[in-house]
Structure formats: C-alpha cells, structure tokens
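Novice: For the record, the sequence lines run as chains A and B.
Counting the first sequence from 1 gives a position; my numbering is that position plus 29.
Counting the second sequence from 1 gives a position; my numbering is that position plus 960.
Supplied in structure tokens, the structure appears directly below.
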Amino acid sequence: MHKILIVEDTLAIREEVCDILEMEGYVVFQAGNGRVGYEMALKKSPDLIISDILMPPLNGFQMFKKLQSDTRTMSIPLIFISAKGEKEDIRIGMNLGAEDYLCKPINIDDLVNAVKNKIKKKSIIDQNIIDKTARLSNLVENQKGKIDTLESQVIKLTKLLKDL
Amino acid sequence: MNMESLKKTLKSEQAYRNKEREKRTIELANLKVELEQQIVCLDEAAIVSEADAEGNIIFANDKFCEISGYKREELLGVNHRILKSGKQPDALFMDMMKTISNGGVFKGNLLNKKKGGKEFYWVVSTIMPFKDVNGKIIKYVSIRFDITAQVEQKEALIKQAEELRQFIETANAPIFGIDSKGLVNEWNQTSEKITGYTKHDVLGKDLVQTYITEDYRESVKKVLDDALLGKETANYEFPLFTKDNKRVMVLLNSSTRRDISGEITGVLGVGQDITELVGYRKELELKVNERTLELIEALKKEKELSELKSKFVSTASHEFRTPLSAINFAAGSIRKYWTRMDPVIMDKKLHKIEDQVKHMTKLLDDILIVGQAEAGKIRYKPLHINLGDFINEIIEEVNSSYKKSHKISTIDHEKLKNGDILIDEKLGRNIFINIIGNAIKFSPDANKVTIQFSSEEEYIVISITDYGIGIPKTELKNIFEPFTRGRNVDLIQGTGLGLSIAKEAIDIMKGKIIVKSNNGNGTSFIVKILNI
C-alpha cells in the first residue's frame, strides 16, 4: 500500500483529492499548510506528496525546499497543484525539482494518472534499491561465509601448530 | 621873392587845387555811386523807412510799401504808429522810445499791422537815430526784415509742443519721466490717478527709492539705468506703490529722452495699468492649476480603477479556480467511481458541488456589487422597515451559513428594535451580512458575537463586536479597499470585497462606519445610520 500526503489549505479540495486517492487504493495523509505538511512528511515517510502552493504560513515552494534539504525526505517525489497557472509559476515549481505541476481545476484522470506514474517510478527505483541491497547482502553473506571458513581453518592450523 | 615867381607859385598852386578838386569830384562821384548802389542793395534786402524826429514817415522803400500794403503817398507824413499791432506790450515801445530818443540803436521783434488792420507781419527791426553835426536827432532810420514765417513756424512748434504736452498729460496711460539723476520730472494725470500721488507730490523725488516696492527696486533701477544709457526696454512688468499702500502692476516701456543735440537727458516711461490684467492672469493661473489638479485626480482615479481591474482579474481568476477545482474533483469522482462509491459519500459530494456553486455565486454577486459601486450605479431606495425584523432576518441568514458556530446576542436598552429604520433593504443587507459574517468568520476560536443598538442625536448606532483575530493596526486604513485582506487572515476564506461593499453602501446612505480593533483581541464595527 503506497502512502500519499496531500498538502492543501482549501478543505473542499483537500477532501476531494483525499477521496479520489483512497478510491484508487492509496493510504492518504492530509495537511492544511506547508508547515504541517513538512512534519507529516517526516513522520509518515509518504511515497508521494501532492501540494498546493499558496498556503500561509508556509507555502508549497517553501515546504518543498525544506523537504529537499532534509536527507530523510529529499527522495520523496512531489506534484504541485495550483491555481497559479502562469508559465513562470510552472517553471519555478519544476525548477525546484517537482515531478509535475498541475493547474487547477484539474481533470481527475490527469491527477490519477500522474499519481500512478510517479508511484510506479518511485516503486521501480525503490525496487531497484531493494534488489541492489539484496544482492549486496548476499554478497556480504557469501563473503562472511568465506571468512568464517578461513577463520575456522586458521583456528585449526593454529591448534595444529600448538600441538606440534 | 619876385612877383614872377609868386605868380608862378600861385599858378601852380591853382593848378594843384584844380587838380585836387577834380580828384575830389571824381572821388565824390564814385562815393555817390557806391552809396546809391548800397541803398539799392539795402532796398532789395530790407524793409526800410525813415521818420522825422516826431516819428512821421518821411521815407518808405518799395519793400515797406509791399509788406505794409500801403501806397507810398499814403505813408508819407503819417506817424509810424499806424503800423502798431497793439498786440505787443506797451513797455516794449516805451523801452524802444527811450533807447532811440537817447541816441541809441533799438533792436527787436515787432508785430506790425498791414493796411486794413486785419493782417499782421513780424519784423526784426533795427532803428537808428541820425543826428546833425550838433548832435541833434534829425531822423530815425528803420531797417527791418520780415520774420513772419519764422515766428509762425516757431509758434506752430510751440503749439505742437503744447499739444504733445497735453497729450502726455491727458493720455489714458501712466506716463512719467525721470531726469538723468533718476528724479521725477514728468507725472501725467493717469499716473496721478493710478497711484494717488499728485504731480506736486512726486516731482523731484527719486522714483525708484520712493515709489517702487523693495523687491523690484533693483530690477526697475536697471531698466531705467539702461534707458539712460540708450538701451530701451519694452513690456517690463513691475509694481508701484500707491498712496494708500496698494501695489499697482504696471507694464512699462521705457524710452530714452534726448535733447536737440542728441544728449541723453532722462527717461520717459509709458506704462499700462495691468493690475486687473494681472489679477485675471492670476485667476486664470489658479483655474489652470485647479483644472490640472482635477485632471491629476481624475487620472489617479482612472489609474486606481485600472489597477483595481487588473487586481480584480488576477484575484477573481484565483478565487474562481478554487471552487471550480473542488466541483471538478467532486463531479469527476462521482463519474469515475459511482459504481463502487458509498451513496452517503456520493450525496456529500453532490452537496459540496451545490455549496461551491453557491460560493461562486456569492463571489460573483460581490464582484458585481463592487463593479456597480465603482461605476456609481448603485440605486438608493430607502424604506421605513422594522429594525428588529430587518436585523433578525440577517442574523438568521448569517447564522445558518456559518452552521450556528457562534451565539449572536443583541443588546438593546433603548428598545430600538421595536421601531423603524429608514434604510434601503438591499444596501442594508450588504452592510450587515458582511460585517456580522466577518465577525463570525474572523473569530474561529470564539463562540459569540454581540450586536448592540443605541441612538445618537441623528443616528441609530449598531455596533457589532467579535472576539476574534482582530485587525493589525497598520492595515486598519486599508480595510475598506476592495480585494484587501489582512495579513493575519490565515486560512480564513474570503474575497476581500465584503468591507468595501459595506463601506460603499454606508457612504450612499450618508451613514458612518467606525472600526475599533486590537490585533488578536477582537474587532468592533460601529455603524451609524441616519435616523429620520
């Protein structure tokens, strides 16, 4: 079950996004502004964050910057949803490193697809990491076995030498 | 000595004498000819007459006859007095008689009368008494030259000069003159009239030092000094002091005054009283300034309006996007998940769609009201309605739209709610729905709002007090501007139009609105409505 954090100050929208994502089978956490969003991200380690931009006291851009500078949250992908639909606004969001920037009002399928794709990508990356980790663990395990064998041989040899 | 020699001597003596006589005779003859010629010459040039010791004419030359109009025979034997014009003072003639009867030569200009006594002629006359060997006066010889033309010319000139004087004196412009030392030597009637100073007051006074206001002394002095150096100035404006201490604006043209030989003798200033003109000009300038200010004001308003419009466009687009977004999501959810959606949730979403449409409608209404107010299109149709009914209805409406989150209590010691109020219902609703709504909206952590009724001399006073977030002091002055929202509104929704709508309505009703607020400590809006 993938976890998604929605950060949005307008309750009516937040609720809807939450409902949609739950219908799609995600676990959803909600935050009403950037400050709460940041804390939730630390606490819940979501797989994806969907965030509005204009939210006092900490807006979406500021929250994202904060998340990016924290090693615990820097790898969490983020999608901006905003009523600010100017090219410049979109550019700012994307330059910060956002995965996507959707302008309100947003088509539900666009939202669902965007979420799906980002989660999938995140999963693949995560899976890759898991695989790599597993391979490394195996390797380490193997090495450890070898070392153990060598060690027992050394002990045996030492014993032999003492006995002589 | 012998006789022969005596005879001889006598003879030669005789011959010598004869020779001498002959010589004299020739000499005399020559002298006579010369004299005759001189007389002819004199007669050609001058008017000549002779009178005996009694003054009776004994000789008159042709010129005399010609100019006097008498025939010679009419003149001879007649006393010289017949020529007297009678227009010259007797003293002149007494002086003349005294001079010549004492053997002196008289010289003078005399006015003579022609025959008939109607025409006159001027002569410059030289009269010399002729004496016999004993010194006794035997006759008077007069030699005259006709100077009528010169005298007439001179008289004409004098008359002309007099006319010019008169012209200056009576000109409808102030004309004044100064001499080379800057002392006044001309001061015409208009100068007197304008300044109140008479000619007698000013003649001989220093013009600049006495009559020019201090701030202009230097520059006026320069203009006059320039004129004294031959440099004339046109249309120079300066103020003169009047006798009653007023300032008269004069437009001056200064010209250099010279004598016949071209020497500069002073300055003649011809002015124009432009006090009135300056007054008009100042008035005009004032008007122009006023108009300019009005235009600037209008331009400022226009700019404000255009700024408001662009602010409106950006704010409105954002404000509309939010409910549209919510509607879009809710409707999209129902479409996408209706087969497996809990009917309760579906119902909630449909309600939400309706709510959001309502919100948008409210936003649209507010914007329309502001638009009308900006265009001055709001109509004011006041009616007498019961204050209690009016307010209660509004309280109910606001209460229900905020889900009864607050208790709205009213304080009405004067029982004003039982009476009527003259109000335009629509404008009144604009005021109280917004203010009471704000009271609830901006006090999320409180649970009550108080509405107090009281009366002042000509107003019914309705105070709405909340215990909410308050308004920062620095923002109090802007709260009635459209699309203005306080820094401390946080998540509280709004368009920033409510108070500007309320204020506009109050202004139309000629009421008053006062706000008292402490940031974080609640707000009171005191609305005063004319009690007629």
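Where is the CB? At the ideal position from N, CA and C, for every residue including glycine.
(1) List the endpoints of the continuous beta strand (DSSP E) containing Gly-66 of chain A.
(2) What would DSSP say about Ala-1335 of chain B, mapped onto helix, strand or coil?
(3) Go ahead and label Asp-192 of chain A buried or exposed: buried means 16 or more other beta carbons lie within 10 angstroms of its beta carbon, across all protein chains shown.
(4) Bridge partners for Ile-1487 of chain B per DSSP, in chain order?
(5) Quick check on Glu-128 of chain A: buried or exposed, where buried means 16 or more other Cβ atoms within 10 Å of its Cβ?
(6) In the DSSP assignment, find the beta strand (DSSP E) that holds Gln-1412 of chain B and state where it starts and stops.
(7) Tell me, please, which residues DSSP counts as bridged to Arg-1218 of chain B.
(8) Residues of chain A with CB under 9 Å from Trp-1415 of chain B, in chain order?
(9) Run through DSSP, which three-state label would Phe-1138 of chain B get?
(10) Checking 8 Å against the spacing of the C-beta atoms, do His-1366 of chain B and Lys-1408 of chain B come in under that value?
(11) Where does the unbroken alpha helix (DSSP H) through Pro-1283 of chain B begin, and where does it stop?
(12) Are the beta-carbon atoms belonging to Tyr-1157 of chain B and Lys-1206 of chain B less than 8 Å from one another?
(13) Taking any Cβ of chain B, which residues in the stretch 107 to 135 of chain A have a Cβ under 7 Å from it, in chain order?
(14) Taking C-beta pairs closer than 8 Å, name the residues in chain A that Leu-1347 of chain B reaches, listed in chain order.
(15) Using a Cβ-Cβ cut-off of less than 8 Å, list which residues of the stretch 46 to 79 of chain A approach chain B; keep chain order.
(16) To the nearest angstrom, report how far apart Ile-1220 of chain B and Lys-1091 of chain B are at their CA atoms.
(17) Assign Ile-154 of chain A to buried or exposed, taking buried as 16 or more other Cβ atoms, counted over all protein chains shown, within 10 Å of its Cβ.
(18) Tell me which residue opens and which closes the alpha helix (DSSP H) that Asp-209 of chain A is part of.
(19) When DSSP builds the beta bridges, which residues end up paired with Gly-1068 of chain B?
(20) Return the residues of the stretch 1409 to 1438 of chain B that lie within a Cβ-Cβ distance of less than 7 Å from chain A, sorted by chain order.
(21) Suppose the cutoff is 6 Å on Cβ atoms and the five residues either side in sequence are ignored; what does the same chain contact list for Ile-33 of chain A look like?
(22) Helix, strand or coil for Phe-1350 of chain B, going by three-state DSSP, please let me know.
(23) Which residues does DSSP pair with Ser-1102 of chain B in a beta bridge?
(24) Quick one: list the residues of chain E neighbouring Tyr-1297 of chain B, beta-carbon separation under 7 Å, in chain order.
(25) So, are the CB atoms of Gly-1068 of chain B and Met-1056 of chain B less than 8 Å apart?
(26) Which chain B residues are close to Ile-42 of chain A, counting only those with a beta carbon under 8 Å from its beta carbon?
(27) On the premise that Pro-106 of chain A lies in contact with Lys-145 of chain A, defined as a C-beta separation below 8 Å, what is that separation, rounded to the nearest angstrom?
(28) Which partner residues of Ser-1028 of chain B appear in the DSSP bridge assignment?
(29) Under a CB-based cut-off of 8 Å, is Thr-162 of chain A close to chain B?
(30) Within the same chain, show all residues whose beta-carbon is closer than 7 Å to that of Asp-1003 of chain B, passing over the 5 residues directly before and after it, in chain order.
(31) In terms of alpha-carbon separation, which member of B:Gly-1142, B:Lys-1181, B:Asn-1016 lies closest to Leu-1163 of chain B?
(32) Confirm, please, whether the CB-CB distance from Ile-1468 of chain B to Leu-1347 of chain B is below 8 Å.
(33) Got a sec? Which residues, its chain only, sit under 7 Å from Lys-1159 of chain B by beta carbon, not counting five neighbours each side?
(34) Residues in the same chain with beta-carbon distance under 7 Å from Gln-1149 of chain B, minus the five sequence neighbours each way, listed in chain order, please.
(35) Given that Ile-148 of chain A touches chain B, what residues does it touch there, using C-beta distances under 9 Å?
(36) Looking only at C-alpha atoms, which of B:Ile-1294, B:His-1319, B:Met-1320 sits nearest to Lys-1308 of chain B?
Specialist: Answer, in terms of the structure:
(1) Not the beta strand (DSSP E): Gly-66 of chain A falls in the alpha helix (DSSP H), residues 63 to 73.
(2) In this structure, DSSP gives Ala-1335 of chain B a state outside helix and strand, which the three-state scheme calls coil.
(3) Its Cβ having fewer than 16 others within 10 Å, Asp-192 of chain A is exposed.
(4) Note on residue identity: the sequence assigns Val, not Ile, to residue 1487 of chain B. Per DSSP, B:Ile-1422, B:Ile-1473.
(5) By the 16-neighbour rule on beta-carbons within 10 angstroms, Glu-128 of chain A is buried.
(6) Residue range 1408 to 1415 is occupied by the beta strand (DSSP E) that includes Gln-1412 of chain B.
(7) When DSSP reads this structure, Arg-1218 of chain B sits in a beta bridge with B:Ile-1224.
(8) Note on identity: in this sequence residue 1415 of chain B is Ser, with Trp being the wrong assignment. What Ser-1415 of chain B touches in chain A: nothing, since even the nearest Cβ is about 41 Å away.
(9) Here residue 1138 of chain B is Ile; the residue named in the question, Phe, does not match the sequence. Looking at Ile-1138 of chain B - three-state DSSP - the assignment turns out to be strand.
(10) Yes. Within cutoff.
(11) Segment 1235 to 1297, the alpha helix (DSSP H) holding Pro-1283 of chain B.
(12) With a cutoff of 8 Å on beta-carbon distance, Tyr-1157 of chain B and Lys-1206 of chain B are scored as not near each other.
(13) Interface annotation for the stretch 107 to 135 of chain A against chain B: Ala-112, Lys-133, Pro-134, Ile-135, criterion Cβ-Cβ distance under 7 Å.
(14) The contacting residues do not exist; Leu-1347 of chain B stays about 36 Å from chain A at best.
(15) Contacts with chain B (Cβ-Cβ distance below 8 Å) from the stretch 46 to 79 of chain A involve Val-46, Asp-48, Ile-49, Met-52, Gly-61, Asn-62, listed in chain order.
(16) Rounded to the nearest angstrom, the two C-alpha atoms are 45 Å apart.
(17) By the neighbour-count rule (16 or more Cβ atoms within 10 Å), Ile-154 of chain A is not buried but exposed.
(18) Since the first residue of chain A shown is 30 and the last is 193, residue 209 of chain A is not available in this structure.
(19) BP columns for Gly-1068 of chain B point to B:Ser-1085.
(20) Taken residue by residue, none of the stretch 1409 to 1438 of chain B has a beta-carbon sitting less than 7 Å from a beta-carbon on chain A.
(21) Correct list, in chain order: Leu-50, Tyr-55, Val-57, Pro-75, Leu-77.
(22) Helix, per DSSP.
(23) Under DSSP, Ser-1102 of chain B shares a beta bridge with B:Ser-1009, B:Ile-1087.
(24) Looking at the structure shown, chain E is missing, and the protein chains on hand are A and B.
(25) Contact flag set, yes.
(26) Thr-1282, Ser-1285, Ala-1286, Phe-1289, listed in chain order.
(27) Going by Cβ atoms, the distance from Lys-145 of chain A to Pro-106 of chain A rounds to 12 Å, so no, they are not a contact pair.
(28) Beta-bridge annotation (DSSP): Ser-1028 of chain B is not paired with any residue.
(29) Interface residue (Cβ-Cβ distance to chain B less than 8 Å): Thr-162 of chain A is not classified as such.
(30) Asn-1021, Asp-1022, Lys-1023, listed in sequence order.
(31) Across the set B:Gly-1142, B:Lys-1181, B:Asn-1016, the C-alpha of B:Gly-1142 shows the shortest separation from the C-alpha of Leu-1163 of chain B.
(32) Contact flag unset, no.
(33) For Lys-1159 of chain B, where only same-chain residues beyond five positions count, the Cβ hits under 7 Å are Trp-1147, Glu-1152.
(34) So the list reads Glu-1129, Thr-1130, once near-sequence residues are dropped.
(35) Here the premise fails: no neighbours, minimum Cβ distance about 18 Å.
(36) The closest CA to that of Lys-1308 of chain B, considering only B:Ile-1294, B:His-1319, B:Met-1320, is found on B:Ile-1294.
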